[in-house]
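Structure first, commentary second.
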Amino acid sequence: KNEVEQSPQNLTAQEGEFITINCSYSVGISALHWLQQHPGGGIVSLFMLSSGKKKHGRLIATINIQEKHSSLHITASHPRDSAVYICAAPSNTGKLIFGQGTTLQVKP
Amino acid sequence: GAVVSQHPSWVICKSGTSVKIECRSLDFQATTMFWYRQFPKQSLMLMATSNEGSKATYEQGVEKDKFLINHASLTLSTLTVTSAHPEDSSFYICSALLRQAYTDTQYFGPGTRLTVL
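Heads up: the sequence lines are chains A and B, in that order. Position 76 of the first sequence, counting from 1, maps to 76 under the working numbering, and the rest follow consecutively. If you want the working numbering, it's the 1-based position in the second sequence plus 108.
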């Protein structure tokens, strides 16, 4: 069992839909990262959060430390949101452990 | 947010040549940088941890003589793929660690796509 698991692995949505990607982790963490990787490969750090909720534009990330679970929400999704979304948690040694990624395709 | 750059963004080389990839933290100093490798449709795999002024720490299975890492300054780490072969073709990503009072954050570079012919 992976220490960081994401679901779903693949997600197709229509433009405008509300999207949720989930991440569960078994390592003890100080913070959890949400990353976005576009088809060209470049990685953008979306959020780093250790409690509660963060919002940036149409993106919202929440985390429940007790349940070891985090969600990334996209409101009013757009085709340009199509990308791979990755959650990553620091292990006890500080190294990041990555989820397997969620491939999102938003159709116009 | 903090910015990390990589150069080149892509490179094509002949088998047997060496390729150097640079990773720079543009607006902060990073004593620690990380080098990752990513195969198609797979997640990032940590290759090594680069520490300024000291030797890099390599993950198990990563050949240190093959992948030379130099962290000569607080804003620059380089990865040199020596005697590259087609199996070294991959997407290489670096990140730089920003240490703050209560938390550490990794900021990722845009990646370098290496194709070895």
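Virtual Cβ for every residue (Gly too), placed ideally from N, Cα, C.
- Distance from the Cα of residue 85 (chain A) is smallest, within the candidate group A:20, A:15, A:16 and A:51, for A:20.
- Taken in chain order, the segment 133-215 of chain B contains no complete alpha helix (DSSP H) segment of 4 residues or longer.
- Assignment of residue 58 (chain A) by DSSP, reduced to helix, strand and coil, places it in the coil class.
- Residue-level contact by beta carbon fails for residue 71 (chain A) and chain B, as no gap is shorter than 8 Å.
- Of all residues in the segment 10-36 of chain A, only 30, 31, 33 and 35 place a beta-carbon less than 9 Å from a beta-carbon of chain B.
- Put simply, the CB of residue 218 (chain B) is near chain A, with a gap under 8 Å to one of its CB atoms.
- The Cβ neighbour count for residue 135 (chain B), taken over all protein chains shown within 10 Å, is under 16; the residue is labelled exposed.
- Residue 18 (chain A) is not a Cβ neighbour of residue 151 (chain B), given a cutoff of 8 Å.
- Under DSSP, residue 125 (chain B) shares a beta bridge with no residue.
- The three-state secondary structure of residue 90 (chain A), taken from DSSP, is strand.
- In chain order, 214 make up the part of chain B whose C-beta sits under 7 Å from the C-beta of residue 96 (chain A).
- With a threshold of 8 Å between beta carbons, residue 201 (chain B) makes contact with chain A.
- Exposed is the label assigned to residue 27 (chain A), since fewer than 16 other Cβ atoms lie within 10 Å of its Cβ.
- Not a single C-beta of chain B is nearer than 8 Å to the C-beta of residue 52 (chain A).
- Distance check between residue 178 (chain B) and each of B:189, B:168 and B:198 places B:189 closest, using alpha-carbon atoms only.
- In terms of beta-carbon proximity, residue 132 (chain B) stays away from the interface with chain A, with every pair separated by 8 Å or more.
- Partner residues in the beta bridge of residue 115 (chain B), as assigned by DSSP, are B:130.
- For residue 184 (chain B), no CB of chain A lies under 8 Å from its own CB, so it is not counted at the interface with that chain.
- Minimum Cα-Cα distance from residue 153 (chain B) among the listed residues B:159, B:145 and B:160 corresponds to B:145.
- By the rule that beta-carbons nearer than 8 Å mark a contact, residue 86 (chain A) touches chain B.
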